[in-house]
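*Asks:* Let me begin by handing over the structure; questions about it come next.
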Amino acid sequence: MFLVDTIFLMNIEITSRLLERLSSLLRSEGRGLLSEYGLQPVQLEALHYLSQCNRYSNTPIAVAEYLRQTKGTVSQTLKVLEKKLLIVKTADQKDKRVSHMTLTTQGQAIVSTLFPSPWLKAALASMPEAQQEATEESLRKLLQTIQQQNRLKAFGQCRHCDYNQPNGEKFLCGLTGETLTPDETQLICREYTCNKATG
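Using this note's numbering, the first residue of the sequence shown is number 2, and each one after it goes up by one.
Set out below in structure tokens:
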């Protein structure tokens, strides 16, 4: 039993080191690319999030939840992005106290240039397709497990959400009662919930 526990702990340490090293390399690459745009890492992370979230999730509170940052930090981050004309802030039509953030053409261009990481893209492209799929599945399962065990919001794609209901050529959000286009179902949402095996 002791040997099994020891091997298990060694495997965890190896996995942890690999993930930390990959993260460090990608952050290093990102810092080099960001200098051209005069952006800080957290600012790019906010831009990237806003490029992939839906209309229910492009609020300051949702950005803070996704990035695991304080409201104050996110507020300052969004102000900088707005000043740089990378995002536009609009008031919610139903509740004027709520603001929504959308990327400008310039903001979207930066995200499209920097994501996915050129290093990561090249590395995955050099791997067999089966290995790419296995890597994605392993990382997805690891992420889901951490989120579930720590009761963190999943921010999953709308198309996999329990609230998503097919409605002819479009879809219906069972939570809000609003119609969604097929493109919108590809975006991530802070209200995402999934108890299905495929979630």
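Cβ atoms here follow ideal geometry from the backbone N, Cα and C, with glycine treated the same way.
No experiment lies behind these values; they were computed from the predicted model shown.
Three-state secondary structure (DSSP) at A155?
*Replies:* Three-state DSSP puts A155 in coil, outside helix and strand.
*Asks:* Which value, in whole angstroms, describes the spacing of the CA atoms of Y164 and C190?
*Replies:* Straight-line Cα distance between these residues: approximately 11 Å.
*Asks:* Determine, using beta-carbon pairs with one atom in the segment 125-141 and one in the segment 24-37, whether at least three such pairs fall under 8 Å.
*Replies:* Segments in contact, no.
*Asks:* Buried or exposed: T186, going by 16 or more other Cβ atoms within 10 Å of its Cβ?
*Replies:* With 16 or more other Cβ atoms within 10 Å, it is buried.
*Asks:* Say whether the segment 144-161 touches the segment 109-126, bearing in mind that this needs 3 or more beta-carbon pairs closer than 8 Å, one atom from each stretch.
*Replies:* Result no; under three Cβ-Cβ pairs closer than 8 Å.
*Asks:* Taking the continuous beta strand (DSSP E) assigned at S100, which residues delimit it?
*Replies:* That run of the beta strand (DSSP E) goes S100 to L104.
*Asks:* Check each candidate in N196, K72 and E179 and name the one with the smallest Cα separation from N55.
*Replies:* Here the closest residue by C-alpha is E179.
*Asks:* In three-state terms, what does DSSP make of T78?
*Replies:* If DSSP states are grouped into helix, strand and coil, T78 belongs with the helices.
*Asks:* Under 8 Å between the Cβ atoms of A92 and S100?
*Replies:* It is a contact, given that the beta carbons lie within the stated cut-off.
*Asks:* Tell me the rounded alpha-carbon separation between E138 and L144.
*Replies:* The alpha-carbon atoms of E138 and L144 are separated by roughly 10 Å.
*Asks:* Would you list, in sequence order, the uninterrupted alpha helix (DSSP H) runs of no fewer than 4 residues that lie entirely inside the segment 118-182?
*Replies:* If we require 4 residues or more, the alpha helix (DSSP H) runs fully inside the segment 118-182 come out as 119-126 and 130-150.
*Asks:* Measuring from the CB of P61, is there a heavy atom of the ligand GTP at a distance below 7 Å?
*Replies:* The model on display carries no ligand, and the ligand GTP is accordingly not part of it.
*Asks:* What is the residue span of the alpha helix (DSSP H) that I62 lies within?
*Replies:* Counting along the chain, the alpha helix (DSSP H) containing I62 begins and ends at P61 to L68.
*Asks:* Please name the residue, chosen from K154, D184 and I62, that lies closest to Q53 on a Cα-to-Cα basis.
*Replies:* Q53 has its Cα closest to that of D184, out of K154, D184 and I62.
*Asks:* The beta strand (DSSP E) spanning I88 covers which residue range?
*Replies:* Its beta strand (DSSP E) spans residues I88 to A92.
*Asks:* Could you give the distance in angstroms between the alpha-carbon of L82 and the alpha-carbon of L27?
*Replies:* About 22 Å.
*Asks:* Is it buried or exposed for T71, if we count other Cβ within 10 angstroms and need 16 for buried?
*Replies:* The residue is exposed, with fewer than 16 neighbouring Cβ atoms inside 10 Å.
*Asks:* Compute the distance between the beta-carbons of L51 and L104, then report whether it is under 8 Å.
*Replies:* Cβ distance < 8 Å, so L51 and L104 count as in contact.
*Asks:* Quick one: Cα of L40 to Cα of G169, how far?
*Replies:* Cα to Cα, the separation comes out at about 43 Å.
*Asks:* Tell me the rounded alpha-carbon separation between L45 and V112.
*Replies:* So the alpha carbons of these two residues sit roughly 8 Å apart.
*Asks:* Determine the extent of the alpha helix (DSSP H) in which Q53 is found, giving its start and end residues.
*Replies:* Run containing Q53: P42 to Q53, per the alpha helix (DSSP H) assignment.
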